[in-house]
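There are 4 protein chains.
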Amino acid sequence: MLAAYRLLAERGFEGLRTRDIAGAVKINVATLHYYFPTKEALVRAVVGHAFSRFRTTLVPSGRTTTLLKAHFDGLRRLGREEPELFAVMGELALRAARDETMAAIVRETDQQWHATIRGLIRRAQQDGSIDRDLDPNDAAALIVATLKGVYLLPVEASRQERLGQALRQLERWLGLTKRA
Amino acid sequence: MLAAYRLLAERGFEGLRTRDIAGAVKINVATLHYYFPTKEALVRAVVGHAFSRFRTTLVPSGRTTTLLKAHFDGLRRLGREEPELFAVMGELALRAARDETMAAIVRETDQQWHATIRGLIRRAQQDGSIDRDLDPNDAAALIVATLKGVYLLPVEASRQERLGQALRQLERWLGLTKRA
Amino acid sequence: MLAAYRLLAERGFEGLRTRDIAGAVKINVATLHYYFPTKEALVRAVVGHAFSRFRTTLVPSGRTTTLLKAHFDGLRRLGREEPELFAVMGELALRAARDETMAAIVRETDQQWHATIRGLIRRAQQDGSIDRDLDPNDAAALIVATLKGVYLLPVEASRQERLGQALRQLERWLGLTKRA
Amino acid sequence: MLAAYRLLAERGFEGLRTRDIAGAVKINVATLHYYFPTKEALVRAVVGHAFSRFRTTLVPSGRTTTLLKAHFDGLRRLGREEPELFAVMGELALRAARDETMAAIVRETDQQWHATIRGLIRRAQQDGSIDRDLDPNDAAALIVATLKGVYLLPVEASRQERLGQALRQLERWLGLTKRA
DNA sequence: TATGAATGAGCATTCATTCAT
DNA sequence: GATGAATGAATGCTCATTCAT
Chain A
2 MLAAYRLLAE RGFEGLRTRD IAGAVKINVA TLHYYFPTKE ALVRAVVGHA FSRFRTTLVP
62 SGRTTTLLKA HFDGLRRLGR EEPELFAVMG ELALRAARDE TMAAIVRETD QQWHATIRGL
122 IRRAQQDGSI DRDLDPNDAA ALIVATLKGV YLLPVEASRQ ERLGQALRQL ERWLGLTKRA
Chain B
2 MLAAYRLLAE RGFEGLRTRD IAGAVKINVA TLHYYFPTKE ALVRAVVGHA FSRFRTTLVP
62 SGRTTTLLKA HFDGLRRLGR EEPELFAVMG ELALRAARDE TMAAIVRETD QQWHATIRGL
122 IRRAQQDGSI DRDLDPNDAA ALIVATLKGV YLLPVEASRQ ERLGQALRQL ERWLGLTKRA
Chain C
2 MLAAYRLLAE RGFEGLRTRD IAGAVKINVA TLHYYFPTKE ALVRAVVGHA FSRFRTTLVP
62 SGRTTTLLKA HFDGLRRLGR EEPELFAVMG ELALRAARDE TMAAIVRETD QQWHATIRGL
122 IRRAQQDGSI DRDLDPNDAA ALIVATLKGV YLLPVEASRQ ERLGQALRQL ERWLGLTKRA
Chain D
2 MLAAYRLLAE RGFEGLRTRD IAGAVKINVA TLHYYFPTKE ALVRAVVGHA FSRFRTTLVP
62 SGRTTTLLKA HFDGLRRLGR EEPELFAVMG ELALRAARDE TMAAIVRETD QQWHATIRGL
122 IRRAQQDGSI DRDLDPNDAA ALIVATLKGV YLLPVEASRQ ERLGQALRQL ERWLGLTKRA
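Following this line, the structure appears as C-alpha cells:
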C-alpha cells in the first residue's frame, strides 16, 4: 500500500498508524495485514518505493554538457511535483541513524548519488564546461551535501528562496551560469 | 531532565518514552511528571536546551579573517564531541514540517545561522580574504544548506570522509585554503 | 456493555473502572474501547438505558381510577426486582448537580414524571375517586419528591418499613385506601 | 480541614482530591496528611461535621404548636444559606449504599429525624392543631421521605418552584395552613 | 480475500501516600 | 509542624497484531 508512503510523508514515522493507512484506502486493518504481515514489512515496501523513485531521478537523462544543470533542474521539478518524496527521504535518512538496515540502503543510495554527480562533473570537465582543476570527488561531496540540506530539511517559508540562493551559488561556482 | 535529550538523540521522537527517560536517571515516572507536568513540557525543555546549545556555537568567537574557517572548525569539533546535538537538531528540523511551533524555532535559528555566516563573509570580503564578487547572501545560503546536509543527515560510515570532502571543497571555493 | 450499568449501581461513579467493567464480561479493556471509544460514551449509553428503563415504568399501564395506585405498585415492584435501577438513578440525580448534560436529562425525566402523576390525579378527580379540592400540581410535586426520597436515597435496613409507611400515608391522604 | 467539606459539596466524592483540598487552604499535601493520616480519616471528619451541622437543625427550637412548621421553615432557610450541607448530605446518603460505616451514620440520623418529626406531630395532635386520626409514624415517614427528595436530590432550575409546591401540599395536608 | 471482533503490551498521566529534612 | 521531593499502583486509552468466519 503506497498510501502508507503518503502518510509517512505527511506524519513521519512518529504518527504513522496502520489503521490510518488502511483507512486511507478504505480497507480493513486486517486486510492490510493480509498483504503486509507486519508494519515493518509495509515500511520496507514504502522504503523500496521511495528509493527506487528517487534513484530514477538520478540517472542523467539529458544529453550534452548541461547534464549537471539538468540534474539540478530535475530535482527542482521533483521538489515541486513530488514534495512527499523528499519528506519521506528525510524521514528515512534520519532513521538510518538508528536502523542499520536503513543505514545500508541510505548509504548505498548516497554513494550512487555521489557517483552520478562525480561522473557528470568529469564529463563536464572533459568537454571543458567545468574547470579541470576541480576535484570531482570533493565537489560531488559538497553538491550532495548541499542538495540534502536543501531538499531533505526544508525550512518551510524561506524554503524556495534559500533553495534558489543555494543552488544559484552552486551553479555559479561550477561555472554553469553565463555570469560565471 | 536532560537525559531526555540523550534519549531523543538516540531514539528519536519515535521511541522516546517517559518511562525510559525516568529510568535513565533512576527515578520514578511520577517523579518525572513532578518536574515536567507533561511529556510535551519536557520536550519543550529539551528543545530549548538543544537550540541554546546550538546557537552558542554560532557566535563567531575567533577574531580575524579566518573567522569563517573558525566557524567550520567549531562545527567539526562539535560534531566530534557532541554528536547528540546534531542528532537532536535533525530530529527537530524534521518535526518542524509538522509542528508549527517547532517550525518557528527552526526558522529563527536558521535565519540566525544564515545571518552569522553572511556577516562573516562580508567581513572577509572587506579585508580581502574572500573574493568581493561573491554574493554574501547566496553563498551563505549554500553554506548553511551544506552544513545541514553534512551534519544533520549523517551517512554514518562515510560520514567523516564525505564531511571532509564537502567542507574542503567549500573552503577551497571560498578561498580559505592556501591552494586557492 | 450494560454490565457497566450493574457496576455503576454497585459502586457509583466513584469506583467505576473500565477494567472492572471489561472484566465483568470477561473481555479485554481494549475490546470495551472497541465498542465504546471512551468511558464517557459508555456512561452515556448506560444513562440512556437507565432513563429509558425508568420512563417505561412511568407510563400508566392500568386502565381505571386505581391508576395512581397502580403507579405506586409498579414502583414498589421495580424497587424489589430492579434495585440497581434506583441506585443508578440516584447516582445520576446527584451527578446532575455537576454536569449540565446530566442535569438536562434529569430535569426532563423529572418533568415527565411530574406530568404523569398530575395527569393521574386529574383523571382520578374527574371520576371522583380523589378530592376535587386537591391542587394536582402541588400534590404531584409532593408525590414525586416523596418517591425520590424513598427510592433514590434508600436507608437500607429500614428501607422496606419506612417505604411502606410513607407510601401508605400518601395513599391515605389521597384517599386511595378503603380507610379514607 | 473543613475546606474538604466545601470541595465535597462542590465536586462529590468523585472528584475530591487531597491536593485540591490542601491547595484550597494553601498548605502542602504532606501537611494535610500530617493532620489527617489518610484521606478516609479526613472524610470521616467531614462526615462528622456535616451530620452534627445537620442534627443541630433538627432540634425543635421554636416553642408552640407551630413547631412542625418551624422545622420546615428552618430547613427552607438552611437550603438557602447552606446549600453545601445538603449537597454533602446527598453525597453521603448515596455512599451509604456502599459503605456500611456510612450507612450506620445515615441510618441513625434518619431515625433521629424521624423521631423528631414524630414527636412534633404528637405534640401538635395533643394541642389539637393536627388531626388525631393521623398515624404519627406513617406521617413522619412520609415527611422525611419528602424532605429528602426535595433537599437531597435537587433538580436545579425548578428546584425552588417544586420545593415550594411539595412543602405547601405537605403543610396543607397536615392542616398547618389557614386554608386547611 | 476480506473483515469484525478481540487482545497483550504499552503509554502518558494521576493520585494518595511517604520520607528526609 | 511543615514541606519539597519522591513513589507504587492505578487509570483511561492506543496500537499492532491475531483469529474465526
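Protein chains in written order, with our numbering: chain A, 2 to 181; chain B, 2 to 181; chain C, 2 to 181; chain D, 2 to 181. Here a beta-carbon is modelled for each residue, glycine too, at the ideal position from N, C-alpha and C. Please read these numbers as outputs of a predicted model, since none were measured by experiment.
- Three or more beta-carbon pairs separated by less than 8 Å link the segment 138 to 149 of chain D to the segment 141 to 155 of chain C, which places the two stretches in contact.
- Within a 10 Å sphere around the beta-carbon of C:Glu92 sit 16 or more other beta-carbons, which makes this residue buried.
- A direct Cα-to-Cα measurement between C:Thr102 and B:Leu76 gives close to 60 Å.
- Here A:Lys70 is buried: its Cβ has 16 or more other Cβ atoms, across all protein chains shown, within 10 Å.
- Around C:Gly120, no beta-carbon contact reaches into chain D at under 7 Å, the shortest distance being about 16 Å.
- If one requires a minimum length of 4 residues, the alpha helix (DSSP H) runs lying completely within the segment 47 to 130 of chain D are 68 to 82, 84 to 96, 101 to 127, in chain order.
- In terms of beta-carbon proximity, C:Asn138 lines the interface with chain D, with at least one pair separated by less than 8 Å.
- With a beta-carbon spacing of about 7 Å, B:Ala51 and B:Tyr6 fall inside the 8 Å limit used to define contacts.
- A:Gln170 counts as buried, since no fewer than 16 other beta carbons sit within 10 angstroms of its beta carbon.
- Using a Cβ-Cβ cut-off of 8 Å, B:Thr147 counts as an interface residue toward chain A, since at least one Cβ of chain A sits closer than that to its own.
- A direct Cα-to-Cα measurement between B:Ser53 and B:Ala4 gives close to 16 Å.
- Counting other Cβ atoms within 10 Å of its Cβ, D:Ala23 reaches 16 or more and is therefore classed as buried.
- Taking the beta carbon of A:Leu153 as reference, the chain B residues within 7 Å of it are Leu154, listed in sequence order.
- Straight across, the Cα-Cα distance linking C:Pro84 with D:Leu175 is about 31 Å.
- Counting the other Cβ atoms within 10 Å of the Cβ of A:Asp74 gives fewer than 16, which makes it exposed.
- Taking 8 Å as the CB threshold, A:Leu171 lines the interface with chain B.
- According to the DSSP assignment, D:Lys149 belongs to the alpha helix (DSSP H) that extends over 137 to 152.
- Identification of residues in the segment 13 to 24 of chain D having a C-beta nearer than 9 Å to some C-beta of chain C yields Gly13, Phe14, Glu15, Gly16, Leu17, given in sequence order.
- Sequence-ordered contacts of the segment 83 to 108 of chain B with chain A read Ala88, Gly91, Glu92, Ala94, Leu95, Arg96, Ala97, Ala98, Arg99, Ala104, Val107, Arg108 [C-beta pairs closer than 8 Å].
- At a C-beta separation below 7 Å, D:Trp174 has these neighbours in chain C: Trp174.
- Annotation for C:Thr19: Val30, Leu33, Lys40 place their beta carbon closer than 7 Å to its own, counting only its chain and skipping 5 residues before and after.
- The C-beta separation of B:Leu9 from B:Val47 comes to about 6 Å, placing the pair in contact by the 8 Å criterion.
- Chain order gives the chain D residues near C:Ala142 as Arg163, Gln166, Ala167, Gln170, where near means a beta carbon separation below 7 Å.
- Of the candidates A:Val89, A:Leu17, A:Tyr35, A:Arg173, A:Arg173 places its Cα closest to the Cα of B:Asp134.
- In the DSSP assignment, A:Glu11 falls within the unbroken alpha helix (DSSP H) covering 4 to 12.
- Here C:Ala141 is near C:Arg119, since their CB atoms are less than 8 Å apart.
- In this structure, C:Gln126 sits away from C:Arg56, with a CB-CB distance that is not shorter than 8 Å.
- Put simply, the backbone Cα of A:Leu154 is about 9 Å away from that of B:Leu154.
- Counting other Cβ atoms within 10 Å of its Cβ, C:Ala94 reaches 16 or more and is therefore classed as buried.
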